[in-house]
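> For the sequence shown, the UniProt record's numbering assigns the number 1 to the initial residue and increments by one for each residue that follows. Idealized CB from N, CA, C, for every residue including glycine. This is the structure I have questions about; it appears just below.
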Amino acid sequence: MSSFTIDPNLAALAAIALFASLIYFRKPSRNPPGPPGLPLIGNILDFPKKESWKGYLEWGRQYNSDILLMKVPGTRFYILNSIKVIQDLLVKRSNIYSNSYSQLRSIKTTWLIVFMNTDERWKLHRHLFRREFDSIETTPVNRSHALRASRRLLRRLLTTSDHEGELRLAAVDSILSVTYGITPTSFEHPFIKVTGKINAIFADVARGAYFIDRFPLMKYLPKWFPGLAFHDIADTAKEYAKEVVAGPYEEIKAQVNNGTAVSSVASRFISALQDGVKLSKEEEDATRNVLANAYLAGSDTSIGVLYNFVLAMAIHPEVQKKAQKELDNLNGDHRLPDFSDFEHLPYLAAVVNEVFRWHPVTPFAVYHVSTDDDTYKGYHIPKGSILVPNAYAVLRDENIFGPDTDSFNPERFMANTSGKRAPEFTDVDTAFGFGRRACPGRFIARDTIWILAASILSAYEISDAYDMEGKKLTPDSPLEYTNAMISFAPKFKVSFKRRIPENMIHDGILN
Ligand code: HEM
């Protein structure tokens, strides 16, 4: 029998040669294009200072790519500039692209859904959100609150000169009525005050976190290090957070006990508990959180959209008149609109869609973080990368929404003569984020904005938009929106002129 032996030295050499050739011939992992940046600090100095979404869209054109890379030491930001790349990654591969990104996590905002990672606890919160804000049982009650809030706004507009304040109050009124049955008459309401303080703190922390975004290694430095004072502010936020989550909940519990509670998400929940429905501690905590989250996530966003609506109407009187004609043809001067009118007002629906599209209040939706290494179009995307979906870029895409997407034109959402709608998407879901994390409040958000828009247009004519320097605003006026996660129009003033008998507005108040 012949024996075959391998020289161990030769075998080792062959293994090394094979390994080296694998490394040598391995396809180099490519990066998407993007601004080159500087050694050591990468792209830290490149991030646009104003309306970043426009800058990213411009770079996309310049580098002829719908995916861009911005590197800072320790972190990679992938800018996603088209619906295709957003759907390919955040929707089709949502199993690895759905974690949230937040430096605020360092301040233990564990009750904020938007900053939770996609674990079982997050799923429970999303489930409760869906049940309370998007179900056949709850929608009619929620809508009745939004309707009442819109009627209260009409009455306040009769006498006020602070239109901006009244619009803010209306958005807050609607969301607080739905969640807690609370109808605030001013911003002095304690709950609004404490959430205002929390929001201010988040803004401060986000500013502090700005440096951490760009120098992630800073998070390992001690608290006393200059620039990290936000850690202390964060401790205060924790105290306020307790008030936001527990305060109104206890108030409604007392009302349920003494029989004065108005039907709301909170009162339904507390009544069910008292009727013997058994819940785990996690479920009870999650419900309390959902209530507070609805207010925090839903108020500033709704306020921003409402301002955009009023601004668009003031600078586009022809659009306003067309929507009013549609409303007048349906109800004339005999009644104010309600949700039963929705199907009969297609132009108004198009106006509301166009408001969400024209200047999205969340131009980047919310950043997502990847939980695994991935390859896309030959590009390597390492675990822990930050994905920045440019919703603004999608909402300005002429292949989807038709020509001249910088202009405010509701017709783009109307069926054309062949019965086909112009845009590929017949609504603006894109304005509400992507994949598993898409906004769970979008149904109540749309309802709220729709009924406010229908009510305001029925009862008032909006005109004479001026900026704060007193310059008249027109469709051609440059409007610089705030460079923030929730982006607001520059401040402006308008006039509201009543167009229906005053008693109709008073009679429209519902108890
Ligand atoms: C008015 C217009 C609104 C806009 C434009 C808007 C937009 C968004 C966006 C873009 C996201 C992030 C989605 C993503 O990660 O991809 C989000 C998340 C969220 N929104 Fe809204 N939103 C609005 C109103 C509301 C309202 C009224 C509520 C509550 C009733 C609400 C509750 C939430 C919550 C809880 C999240 C976090 C979801 C999660 O992380 O899983 N939003 N919203």
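Evaluate contact between the region 500-511 and the region 382-391, counting only Cβ atoms and requiring at least three cross-stretch pairs below 8 Å.
Touching, no, given that fewer than three Cβ pairs across the two stretches are closer than 8 Å.
> Excluding the 5 residues flanking residue 262 on each side, which residues of the same chain have their C-beta closer than 7 Å to its C-beta?
To locate residue 262, count along the sequence shown from 1; it is residue 262. Within the same chain, residue 262 has close Cβ partners 181.
> What three-state label does DSSP hand residue 398 in the structure shown?
Here residue 398 refers to the residue found at position 398 when the sequence shown is read from its first residue. Helix at residue 398.
> For the ligand HEM, is there any heavy atom lying closer than 7 Å to the beta carbon of residue 309?
In the sequence shown, residue 309 corresponds to position 309, counting from 1. Outside the cutoff, so no.
> On the CB-based measure, 16 or more other CB atoms within 10 Å of its CB, does residue 482 come out buried or exposed?
Here the question's residue 482 lines up with position 482 in the sequence shown. Label assigned to residue 482: exposed.
> Between the region 351-359 and the region 58-65, do at least 3 Cβ pairs fall closer than 8 Å?
Segments in contact, no.
> For the ligand HEM, I want to know if residue 470 counts as a neighbour, meaning its beta carbon is within less than 7 Å of at least one of the ligand's heavy atoms.
Here residue 470 corresponds to residue number 470 of the sequence shown, with the count starting at 1. Checking the Cβ of residue 470 against the ligand HEM gives no.
> Would you kindly report the start and end of the unbroken alpha helix (DSSP H) that includes residue 336?
Within the sequence shown, residue 336 is the residue found at index 336, counting from 1. It is not in any alpha helix (DSSP H) - residue 336 carries neither H nor E in the DSSP assignment.
> Select from 200, 83, 69, 499 the residue whose C-alpha is nearest the C-alpha of residue 365.
Along the sequence shown, read from residue 1 onward, the residue named residue 365 stands at position 365. Minimum Cα distance to residue 365 is reached at 83.
> Quick check on residue 434: does DSSP put it in helix, strand or coil?
Taking the first residue of the sequence shown as position 1, residue 434 is located at position 434. Note: residue 434 maps to coil in three-state DSSP.
> With burial defined as no fewer than 16 other Cβ atoms inside 10 Å of the residue's Cβ, what is the status of residue 289: buried or exposed?
Here the question's residue 289 lines up with position 289 in the sequence shown. Flag for residue 289 reads buried.
> What first and last residue would you give for the alpha helix (DSSP H) that runs through residue 346?
Against the sequence shown, residue 346 aligns to sequence position 346. Unbroken alpha helix (DSSP H) run through residue 346: 346-358.
> Using DSSP with H/G/I as helix, E/B as strand and the rest coil, what is residue 170?
To locate residue 170, count along the sequence shown from 1; it is residue 170. Three-state DSSP puts residue 170 in a helix.
> Leaving out the 5 sequence neighbours to the left and right, which residues in its chain are closer than 6 Å to residue 101 when beta-carbon positions are compared?
Your numbering for residue 101 matches position 101 in the sequence shown. Counting only Cβ-Cβ distances below 6 Å, and skipping sequence neighbours, we find 367, 369, 386.
> Closest by CA to residue 347, which one among 359, 319, 372?
Numbered from its first residue, the sequence shown carries residue 347 at position 347. Nearest of 359, 319, 372 to residue 347, Cα basis: 319.
> Mind checking who residue 76 pairs with in its DSSP beta bridge?
Within the sequence shown, the letter at position 76 stands for residue 76. BP columns for residue 76 point to 71.
> Using CA atoms only, rank isn't needed, just tell me which of 380, 259, 462 is closest to residue 323.
Locating residue 323 in the sequence shown gives position 323, counting from the first residue. The residue with the shortest Cα to Cα distance from residue 323 is 462.
> Using only the heavy atoms of the ligand HEM, determine whether one of them is closer than 7 Å to the beta carbon of residue 149.
For the purposes of this step, residue 149 is taken as the residue at position 149 of the sequence shown. Incorrect: residue 149 has no Cβ contact closer than 7 Å to the ligand HEM.
> Tell me whether the beta-carbon of residue 455 lies closer than 8 Å to the beta-carbon of residue 317.
Position 455 of the sequence shown, counted from the start, is the residue given in the question as residue 455. Position 317 of the sequence shown, counted from the start, is the residue given in the question as residue 317. No, these two residues do not count as a Cβ contact at 8 Å.
> Report yes or no: do three or more beta-carbon pairs, one from the region 125-139 and one from the region 468-480, lie closer than 8 Å?
Contact between the region 125-139 and the region 468-480 is absent, because fewer than three Cβ pairs lie under 8 Å.
> May I ask you to report which of helix, strand or coil DSSP gives residue 340?
Here residue 340 corresponds to residue number 340 of the sequence shown, with the count starting at 1. Three-state result, residue 340: helix.
> Three-state secondary structure (DSSP) at residue 88?
Position 88 of the sequence shown, counted from the first residue, corresponds to residue 88. It is helical.
> With burial defined as no fewer than 16 other Cβ atoms inside 10 Å of the residue's Cβ, what is the status of residue 509: buried or exposed?
If you number the sequence shown from 1, residue 509 lands on position 509. Exposed.
> Helix, strand or coil for residue 389? Go by DSSP, reduced to three states.
Translated into positions along the sequence shown, residue 389 becomes position 389. If DSSP states are grouped into helix, strand and coil, residue 389 belongs with the strands.
> Classify residue 189 as helix, strand or coil using the three-state DSSP reduction.
Numbered from 1 along the sequence shown, position 189 holds the residue referred to as residue 189. If DSSP states are grouped into helix, strand and coil, residue 189 belongs with coil.
> What does the alpha-carbon distance come out to for the pair residue 500 and residue 152?
To locate residue 500, count along the sequence shown from 1; it is residue 500. To locate residue 152, count along the sequence shown from 1; it is residue 152. So the alpha carbons of these two residues sit roughly 16 Å apart.
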